[in-house]
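Residues 328 to 600 (our numbering) make up the sequence shown, in order.
In this text, a Cβ means the ideal position worked out from N, Cα and C, and glycines have one as well.
In this text the structure is predicted, and so the values were computed from the model without any measurement.
The block underneath contains the structure these notes are about, expressed in C-alpha cells.
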Amino acid sequence: MAIITISRQLAALGDETAHELAKMMDYRFVDKSTLEQRITSYGFVSSKLEKYDERKPSFWASLSQDRDDYLHYLKSALLAEAEGGNCVFVGRGAQIVFKGLPGTVSILLVAPMEIRVERVKSYFRCDEKRARQIIDQSDRDRQGFHHFFFNYNWTAAENYHATFNMGNLHPATAAEMIKELKVLIVTPEQEQKTQLLIKDMVMAQKVVQHILYDQKIAVHFLEALALDNAVTLRGVANSQAVVEAAISAAREVPLVRSVQSEIQVVQEYSVMP
C-alpha cells in the first residue's frame with residue numbers, strides 16, 4: 328500500500344489536485360469531511376472540531392483536555408483510513424503522522440500571492456482587501472496548527488518530496504506528475520513494508536486508547552510503540568501501581584503478544600510548610 332499526502336496553501340488547488348490524483352490512481356480520497364466523521368464517531372463532540380481543525384487553538388482551548396483528545400482522535404482517524412489501503416490525504420497533519428514510512432509521498436502545493444488573491448476574490452466574491460485578509464488568516468491558522476500540535480514547519484520545502492507551484496498548473500497535470508513521482512520513488516517492497524508498519528502504528532494507537540480513554544489510567548505523556556505485536560510503553564506515572572495497571576490494560580488489547588514498560592515513576596510530593 329502507498330500513502331500520498333497533499334499539504335496546500337489556501338487557493339493552491341489542493342483539494343482539486345488530490346481529487347484528480349485519487350481518481351487517477353484509484354486511491355481513496357481522505358479529506359476534512361472523511362476525518363471529521365471518524366473523529367466524531369469516536370465520541371469527540373462535533374461542535375468542538377472548529378476550535379482545532381487546521382488552526383492554532385485559542386488560549387483557553389489550548390489548556391483544555393479537548394486539545395489532547397482532538398490530537399489523539401485525529402491520529403486514530405488518520406491511521407484507520409491508512410489501514411484501509413492506498414489513499415490520498417488532504418492536510419490535517421497527515422504528512423507528519425506518516426513521515427518516514429517508505430511508502431509515503433508527501434507533496435506541498437503553493438501558488439503566487441497575486442494568483443491566490445484572484446482565486447479567493449472569485450470564490451468568495453469579495454474585494455482584494457478582504458481576499459488578502461482571508462489568505463493571511465488561513466496561512467496563520469495552518470502555521471499555528473502545525474506548530475502547536477506537531478512543532479513542525481509545514482511550509483519548509485525540505486519536509487516534502489516535492490513542492491508544486493500551482494499558479495499555472497492544472498490540477499490534472501499536477502496529479503499526473505505526482506503519480507509519476509510515486510512510481511519513481513516507491514517500490515513494491517516499500518509498499519509492503521509500509522502496510523506492516525501501519526498495522527504496528529494502529530496497534531500502538533489502540534493501546535493508548537485503551538489505557539487512557541477506556542480504562543482512564545493516568546499515565547502522563549503516554550506513548551506506545553508496537554513491532555510485530557510486541558508493545559513498549561513510555562510515559563510518566565506517579566506510582567508503580569499505575570504502571571502495572573497500564574501494562575495489564577495493554578495486554579487486554581487484541582493481538583498484543585507482549586508488553587514492555589519504560590514508564591518512569593515520579594512520586595508526587597508536597598512542599599513542607
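According to DSSP, residues forming a beta bridge with residue i
i    : result
A551 : L560
T344 : DSSP, once it has assigned bridges, lists no residue as partnering T344.
I574 : Partner(s): none; I574 has no beta bridge.
Simplified DSSP assignment, three categories, for residue i
i    : result
L496 : coil
S566 : coil
E589 : strand
R419 : coil
A338 : coil
Distance between residue j and residue i (C-alpha atoms, nearest Å)
i    : j    : result
E408 : V357 : 8 Å
S566 : H399 : 24 Å
I461 : P581 : 47 Å
V586 : K526 : 16 Å
G494 : K402 : 32 Å
E343 : V417 : 10 Å
V347 : P498 : Going by the sequence as given, residue 347 is Glu instead of Val. Straight-line Cα distance between these residues: approximately 7 Å.
H474 : Y379 : 12 Å
E445 : S465 : 15 Å
E503 : M352 : 9 Å
K426 : Y369 : 24 Å
D393 : V592 : 26 Å
W481 : E410 : 24 Å
K533 : R452 : 45 Å
D555 : Q519 : 14 Å
A293 : D463 : In the structure as shown, the chain begins at 328 and stops at 600. Residue 293 is therefore absent and cannot be evaluated.
R365 : K359 : 10 Å
H537 : K543 : 8 Å
M440 : R467 : 15 Å
Proximity below 8 Å, CB of residue i to CB of residue j
i    : j    : result
V546 : A577 : no
K509 : A345 : no
I505 : I442 : no
V415 : T490 : no
V513 : V432 : yes
E579 : L560 : no
I333 : G341 : yes
L552 : A572 : no
R419 : E381 : yes
L523 : V535 : no
In chain order, each beta strand (DSSP E) run of at least 3 residues that lies wholly inside the segment 354 to 408:
355 to 357
Which runs of the beta strand (DSSP E) spanning at least 3 residues fall entirely within the segment 427 to 463, listed in chain order?
431 to 437
Notebook entry, point to check: Of all the alpha helix (DSSP H) runs that stay within the bounds of the segment 463 to 543, which reach a length of 4 or more residues?
Noted result: 498 to 512 and 515 to 535
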